[in-house]
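Residue numbers (the working numbering): 11 to 178. Ideal placement from N, C-alpha and C gives every residue a C-beta, glycine not left out. All of these numbers come straight from a predicted model, not from anything done at the bench. Worksheet for the structure shown next.
Rendered as C-alpha cells:
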C-alpha cells in the first residue's frame with residue numbers, strides 16, 4: 011500500500027556524503043518531506059585521491075564497509091529515502107551497507123543520488139535490488155547533478171510535490 015506523502019506521514023532520510031554535496035540534497039529533501047536525516051559515516055578513509063579511488067573500486071565491486079551508525083531505527087517510518095553520491099556509475103559502499111542492515115518490510119523507499127554526470131542508472135539498479143532483497147518497495151528515484159546543487163531546495167520541493175500528487 012502506498013501512503014499519501016504529506017506532513018502527516020512519517021519519513022526519514024538516510025544518506026552518505028563524502029564531500030557534503032549529497033548532505034545538502036538530503037537536507038533539502040528532509041525539509042520537503044518534513045522529516046529528519048541520519049548521516050551514515052564510512053569508517054574507511056575515503057578522503058583524498060587515494061581514498062576516492064579505493065571508494066570507486068569498492069563501489070564497482072558492490073562491496074560493503076564498516077559504517078557508523080551500524081543501524082538506524084526506522085520502525086516508525088512509512089517512507090525511507092536513501093541517498094548517495096554516484097561513484098563510477100554505482101552507489102557508495104556505505105549506503106549499500108546500511109540498506110542491507112535494515113528490515114524494510116512494508117516500507118516504501120525512494121532512492122536519490124548526486125552525480126557529476128547524468129549516468130546514475132547503475133546506482134539505482136544496485137540500490138533497488140538491495141531494497142527489494144530487504145523487503146522494501148522502491149516507489150521513485152531522484153537525482154541532482156553536482157553543478158546544480160545550489161538549486162537543491164527547488165529540486166527537492168518539486169520532487170516531493172510530484173510524489174504527493176502521484177500517491178494521493
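Alpha carbon of residue i to alpha carbon of residue j, nearest angstrom
i: residue 113; j: residue 157; result: 34 Å
i: residue 104; j: residue 95; result: 10 Å
i: residue 45; j: residue 56; result: 28 Å
i: residue 84; j: residue 90; result: 8 Å
i: residue 11; j: residue 60; result: Low local confidence applies: a pLDDT of 35 at residue 11 is under 50, so the model's placement there is unreliable, with the coordinate-based value given in what follows. C-alpha separation (whole angstroms): 44 Å.
i: residue 53; j: residue 100; result: 19 Å
i: residue 169; j: residue 22; result: 16 Å
i: residue 118; j: residue 27; result: 22 Å
i: residue 77; j: residue 177; result: 33 Å
i: residue 88; j: residue 80; result: 21 Å
i: residue 14; j: residue 152; result: Residue placement at residue 14 cannot be trusted, given a pLDDT of 44 that sits under 50; what the coordinates show is reported in the next sentence. Approximately 18 Å between the Cα atoms of the pair.
i: residue 63; j: residue 125; result: 16 Å
i: residue 20; j: residue 40; result: 11 Å
i: residue 69; j: residue 122; result: 16 Å
i: residue 148; j: residue 111; result: 17 Å
Rounded distance between the beta-carbons of residue j and residue i, thought under 8 Å
i: residue 136; j: residue 72; result: 6 Å
Span of the beta strand (DSSP E) around residue i
i: residue 123; result: 118-125
For residue i, the first and last residue of its enclosing alpha helix (DSSP H)
i: residue 84; result: Careful: residue 84 lies outside any alpha helix (DSSP H) and carries neither H nor E.
i: residue 155; result: Note, residue 155: premise wrong, no alpha helix (DSSP H); beta strand (DSSP E) at 147-155.
Residues that DSSP places opposite residue i in a beta bridge
i: residue 100; result: 97
i: residue 26; result: 50
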